[in-house]
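Which chain is which? The protein sequence lines are A and B, in order.
Position in the first sequence counted from 1, then plus 364, gives you the working numbering.
Position in the second sequence counted from 1, then plus 871, gives you the working numbering.
The structure appears right after this line, and notes come after that.
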Amino acid sequence: MDCSLLRSLINRYCAGEENWVDSRTIYIGHREPPSGADVYIPQRYPDNRIVSSKYTFWNFVPKNMFEQFRRIANFYFLIIFLVQLIIDTPTSPVTSGLPLFFVITVTAVKQGYEDWLRHKADNALNQCPVHIIQHGKVVRKQSRKLQVGDIVLVKEDETFPCDLIFLSSSREDGTCFVTTASLDGESSHKTYYAVQDTKAFHTEQEVDMINATIECEQPQSDLYKFVGRINIHQDRDEPIARPLGSENLLLRGATLKNTEHIFAVVIYTGMETKMALNYQSKSQKRSAVEKSMNTYLIVYLCILISKAVINTVMKYVWQSDPNRDEPFYNHKTDSERQRNMILKVITDFLAFMVLFNYIIPVSMYVTVEMQKFLGSYFITWDDDMFDSELGEGALVNTSDLNEELGQIEYVFTDKTGTLTENNMEFIECCVDGHIYVPDAICNGQILTGTVGMDMIDCSPGAGGKEQEELFFRALCLCHTVQVKEEESVDGIKKGLHPCGKSSSVYISSSPDEVALVEGMKRLGFTYLRLKDNHMEILNRDDDIERFELMEVLSFDSVRRRMSVIVKSSTGEYYLFCKGADSSIFPRVIIGKVDQVRARVEHNAVEGLRTLCVAYKTLAQDEYESVCKQINTAKLALQDRDKKLAEAFDVIERDLILLGATAVEDRLQDKAADTIESLQKAGMKVWVLTGDKMETAAATCYACRLFHRNTQILELTTKRTEEQSLHDVLFDLSKTVLRHCGSLTRDTLSGLSHDVPDYGLIIDGATLSSVMKPTEEGSSGNYKEIFLEICRNCSAVLCCRMAPLQKAQIVKMIKTSKEHPITLAIGDGANDVSMILEAHVGIGIMGKEGRQAARNSDYAIPKFKHLKKMLLVHGHYYYIRISELVQYFFYKNVCFIFPQFLYQFFCGFSQQPLYDAAYLTLYNISFTSLPILLYSLIEQHVNMDILKRDPSLYRDIAKNSLLRWRIFIYWTFLGLFDAVVFFFGAYFLFDNTTFTSNGQLMTANTNMMFGNWTFGTLVFTVLVFTVTLKLALDTQYWTWINHFVIWGSLLFYVVFSLLWGGIIWYVTFLTWVILLAALMTASGSFIMWFCSSYQAILSLCSFSQKEEIVRQTTAFIKCYILK
Amino acid sequence: MSNRKGPPGSQPFMKRPDNTAFKQQKLPAWTPTLKAETVLPFFFLSGVACITIGVLLIITAAGVQEMKVDYTEERDCADCYSLRLDRAKSTSDCACTVSFSLSEAFKGDVFMYYGLTNFYQNQRHYMVSRDDAQLVGRQYNLKNPSITCVPFDKYKNGTPIAPCGAIANSIFNDTLQLFYHSDKNTETPVPLLKTDITWFTDRTVKFQNPSPKDNLTAAFSGTARPFYWRKPVYQLSVEENNNGFVNEDLIVWMRQAAFPSFKKLYGRLNRTQEFNDGLPAGNYSVKISYNYPVGKFKGRKSVILSTVSWLGGQNNFLGIAYSTSGAITLVVAIILTVVHLKFRKKPLGLEEE
């Protein structure tokens, strides 16, 4: 009882607080409103200091150390190091301390340097002067001292110091141009609007007189969303309230362009600016390789511990004989004798751990990280992925996922702008059933003036003419296109060209609109400009018509339509509405709906994007009520979007249908080829789009996602209306499974191409009902059945998708029981959610802005580049990193296992086999460079072959090179090699009088070899074998490989000579045994050759298909060449 | 519409990546493709080469002669063995003789070794129980042995031990004298050289006497011999230049063996007079001053005579290893050839490159 009471109290308190922080009130110029206004709630805001740096001078060392030792590998080595410091261990703390120190220092220096740069940048930002208005005068201040409520003056080409509400501009119309290149990479100029009621204040004094309060939401990280309200107090009247939106908000980081100066008021400062809120990094994605690497590490940790345990136990068994424990020649000190037994056991165990700790290579992490970081440069350098039109190549935002590119099983792609150009071309329009096609373009020059009309149907009558012109006007008016004159600086003066021949460019966030307006231009109606809230149109008779723009009911993806309300020069009010057919037809009351609908459907099947246009006239009083509705909605601080949508819904009713348009969105270059390659590579391609089914399906056919013989399964609202979802699902699964059941044997080999494959089409509404949990709890079933169907379909098309649904689908596939690796590719803001959700997110640097590219892991200019990205780069990176990981474990097994064996010969006294220098430098210098280089430039198969034969990609699917079988093979190879090294040297040593070649030496002597010599011998063979093993695996010998491999061997020899003073004939002798060891090691190589060869042959005799031959090529390449 | 793209010349080409072979991953490279035609000859060649080397090695090793005599409990040495079990009598002398015969003459250089088994010179705490700084003759370290030498660093009264540590303390102190019996009555001592039996770097760099080098008694004054030694370090040998830290027996002992069974060089044959060609066949005896106790740790002691070849001592391992791997390679090569010839027509389709 008490608990619930307490909880409700807390809830109430928290809710209250939430309300309180939900919005903030800002007094412009710190001027308190006239009494009687809202209760003044003092709010504290941070200053305008930007802190992007992580460390300060004082906390750098402890904080950085803490950060670094949070990584499990570093922590492990720290523990080892501490153990070495504390107890009596075989190796000096230097051997593990030095590498650790090296790694930590390099990382710390790198991070410190980066942080120092950040400090510098922060300081430059925080101290840069800004102009603020105080008591009617311009005062210079440091940026960091800005406070919420200050009025600032920003001049041309200056960067906004914080988030501002735009009050007034030097431009007459109260606009300013801004580039947000540093925020989201879009370099185009964007127009922002001053608050209507303050745009007349042009001087400092006037601005300082503004008496207004701003209410707005608390800072949010979404760059494109803002709601607020400004209350302007004039004299003693009721304040005038105006809505504020993102078009009034100037963001920190953006730059003012083409505008002399502006006045604006500070609303968000410092770390609360949208830019700062966007600093927060995305959650880290981890690749499958990294996961298997961690699993292997655990295995090795177990091996390490068991080794230490075995040796500890053996030691005490061996020592039970007192003469062994303490022979006459080796007395213990008194303190050793008196030590506690348990303590002794623990010390011994730890000492063994220290001795064998090198089996977990600290350098592996460093090498893997370097490989990823350096390797990603090859993606950015790739000339094939450079788009000269865009002037940009591929971008790598995270290098952690390079190898994941070679593991993709599902590709989720957006349609518009990804598969298609998003470069719209107006094809035709249909007015009342009459079809108009504008003239073809001649050499890219549009022949304006001439009426490029071609009436396919009959010519319209007089009434038709009126309808037709109204339709054209509607399209000229109903949009949000901006006109950019070529020389925008003095464009205002030059703007008044006699006709539309000026080289003006239409700019809009939606390419469809541009295409429509340009299409209208070709049909004789040219949209000139928006001036003083009047839209100007040049009609066919070269007359300028002016319409006053009253209201824009902007587009959103839920309504799927937009409207404008204009007032003609004769004083009539029109509402023009255009939108998707599904959202227009239900709202139409008059018009030739059937004819238009037939045409729209015809066009949709052709793969054209269709829009319907409708209108209605409004009387004066109707308009005023509309206006009121909209304004109330706009002023709402909470649920503004919802309220606006409601208002729009009421307004956009009882329309008269005018006609429809068709716009073509051409497929991107080589999109079909890319999709086909991806499918051949074993990836399942899903298209997720917001478009309607017919259009999307047409695109899918065009880009060969669906073939002619693809059997299409539909899971759409149309079908679920007829049957229940349950039945439809079961029907489909039956069809799919029946066929697949009989074919599994063929499909298993992955070769059958003649099998009729399935394509699934599902729409958003059906999908949500599939995903929606039902009362019976059978939702899991539906999902399972749906997944089962999808698994058996080669291609899936999801249309009418909301952005969030895209992410849901990706998540559903990602978490299905096979846990496939997914890739999402898209270009627009609506793809961001799925890009973030998928294992690998790829952004296309498209026309719809840079949001997708910014949030992605990799960004490419065009869809076609995905082919090289996955088939070539992904394949290479995967091969490289898997070899890197396996080889690292292998070489450390080779390295440490002889030490383990040696314990059996030295009385389990933890005597290291190798010299301390060798222990330390083995992973750091003797064997590090060749594998790093290998993992950077190895190409096991030629690039062109990989591109030509996508099925090679299947060979590495499902993390195949890091499977247990291969891991165990490498580990056993390592053990085998270690045994050869150790016992080879042992037999050479123990059994015989191994003496030197008297002739070669100055004195005719023969020396004894001590244990260090023995260790050096083993170590030399080890270094040579391990390096040559890599040489054997290298398929791509450039001069760099030669240089590094032979160079590192030479370095080892030179170092040994200098370090040990080991006379060179020792090295000569090691050559002899080295050869022996290699011969034995090559035995395993022979066995591999043999077994794989026979596997191929058995396959060949089984079936004679050509496909199998191709498969075996890959098989040979992957295994034999190893 | 085309004007939206802008003329190509106006685009910034600064961002275009360099079209170098390295950056495009198109460096000229040798890509060895392993085909049956290239691999099989290699297998055959390497197999034959290995066998050839192996046979050569076996022949060479067979030319090396070796004689090993275990004298731990041999004949009268058995008494000494039991005497040494008693620690109290460790200082009492004990001598014994073992004899053997060489059926063939040992031609060329002959070396004499002593062998020990079950002696863990590679025990970790034993390994570190030495002071290298002291052994190069530094004055300070001579008087202040390293902590690693504990408990063999100082006497109870504080006199430092030179050389300190467990290794030096436990030096092998049997003396071996080899005699040749050309007939039953004559007993010719075989001349042995006790110098040049160490690594050059050891005796010139790693081991140095403290100054004054011409007066070792003075140089080592203030230090004491190790516990188990009878004589101080500067009286180890009768030879003038073979005393102090540079005594070659000491240096040999100080180079720790890698395994518990080991042999160390004792001396080399001085090829003069009748031993000009090496050791002639016949009867030999070794007179041993039996001091070193091995009974406690069940060790064995032996004396070994051996000649050397260009390869070293008697060692069949390398030869066997080479011949075995050569044989395996050949067998595999033959199997592969058979498989290849039998199924050749099918994989031919693979060679599409």
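Just so you know, even glycine gets a beta-carbon here, dropped at the ideal spot from N, CA and C.
In this text the structure is predicted, and so the values were computed from the model without any measurement.
Restricting attention to alpha helix (DSSP H) runs no shorter than 4 residues, the segment 1162 to 1198 of chain A encloses them at 1167 to 1178, ordered along the chain.
8 Å or more divides the Cβ of Glu1016(A) from the Cβ of Arg886(A). For Phe445(A), the secondary structure class from DSSP, reduced to helix, strand or coil, is helix. Annotation note: the segment 1062 to 1109 of chain A contains the following uninterrupted beta strand (DSSP E) runs of length 3 or greater, listed N- to C-terminal: 1075 to 1079.
At least 8 Å separates the beta-carbon of Val1387(A) from that of Phe1345(A). If you look at Gly1205(A), you'll find it in the beta strand (DSSP E) that goes 1204 to 1208.
Linking Asn487(A) to Asp572(A) through their CA atoms gives a straight-line distance of about 29 Å. Under the Cβ criterion of 8 Å, Pro899(B) is counted among the residues facing chain A. Inclusion of Glu520(A) and Thr623(A) in the CB contact set at 8 Å is warranted, their separation being smaller than that value. Among the residues of chain B, those whose CB is under 9 Å from the CB of Ser1273(A) are Tyr991, Asn993, Gln994, Arg995, His996, Tyr997, Met998, following chain order. For Gln993(A), the uninterrupted alpha helix (DSSP H) segment begins and ends at 984 to 999. Taking a C-beta cut-off of 9 Å against chain B, the contacting residues of the segment 716 to 747 of chain A are Tyr741, Phe742, Thr744, Trp745, Asp746, Asp747, listed in chain order.
In the same chain as Ala1060(A), and ignoring 5 residues on each side of it, the C-beta atoms closer than 7 Å to its own belong to Lys779, Val1051, Thr1053, Leu1161, Cys1163, in chain order. Ranked by Cα distance from Asn1118(B), the first of Ala1128(B), Asn1040(B), Ser1160(B), Leu1107(B) is Leu1107(B). For Trp1401(A), the nearest beta carbon of chain B is closer than 8 Å to its own beta carbon. At a beta-carbon threshold of 8 Å, the residues of chain A lying near Ala1037(B) are Tyr693, Asn694, His695, ordered along the chain. With contact defined as three or more Cβ pairs closer than 8 Å, the segment 782 to 798 of chain A and the segment 951 to 965 of chain A are in contact. A straight-line Cα-Cα distance of about 19 Å links Ser1289(A) and Asn438(A).
Close CB contacts of Lys671(A) within its chain, under the 6 Å cut and outside five residues either way in sequence, are with Phe720, Phe1264 (chain order). Among the CB atoms of chain B, none fall inside 8 Å of the CB of Asn1323(A). Within the segment 1280 to 1304 of chain A, Ile1301, Gln1303 place their CB atoms closer than 8 Å to a CB of chain B, listed in sequence order. Around the beta carbon of Phe1098(B), a 10 Å sphere encloses fewer than 16 other beta carbons of the protein chains shown; the residue is thus reported as exposed. Per DSSP, reduced to three states, the secondary structure at Trp1070(B) is coil, with no helix or strand assignment.
The criterion of a C-beta distance shorter than 8 Å is not satisfied by Leu615(A) and Phe530(A).
In the DSSP assignment, the residues bridged to Asn1154(B) are Ser972(B), His1052(B).
Neighbours of Asn687(A) across chain B, judged by C-beta separation under 8 Å: Lys1167, Phe1168, Lys1169. Excluding the 5 residues flanking it on each side, Ser918(A) has same chain C-beta neighbours closer than 8 Å at Thr844, Met926, in chain order. The beta carbon of Thr1398(A) lies closer than 7 Å to those of Tyr1298, Glu1302, Asn1405 in the same chain, with the five residues before and after it left out. The alpha-carbon of Val910(B) is positioned some 51 Å away from that of Ile1122(B). Within chain B, the residues placing a beta-carbon under 7 Å from that of Phe1378(A) are Ala1129, ordered along the chain. Taking C-alpha positions only, Pro454(A) is separated from Leu1087(B) by approximately 36 Å. Under the Cβ distance rule, Lys1065(B) does not count among the residues neighbouring chain A, no pair being separated by less than 8 Å. At least 8 Å separates the CB of Met678(A) from every CB of chain B. Closest in alpha carbon position to Tyr979(A), among Gly971(A), Lys998(A), Cys941(A), is Cys941(A).
Between Val518(A) and Ile390(A) a beta carbon distance of about 18 Å is seen, past the 8 Å cut, so the two are scored as non-contacting. Between Asp876(A) and Val1027(A), the beta carbon gap of about 6 Å places them in contact (Cβ cut-off 8 Å).
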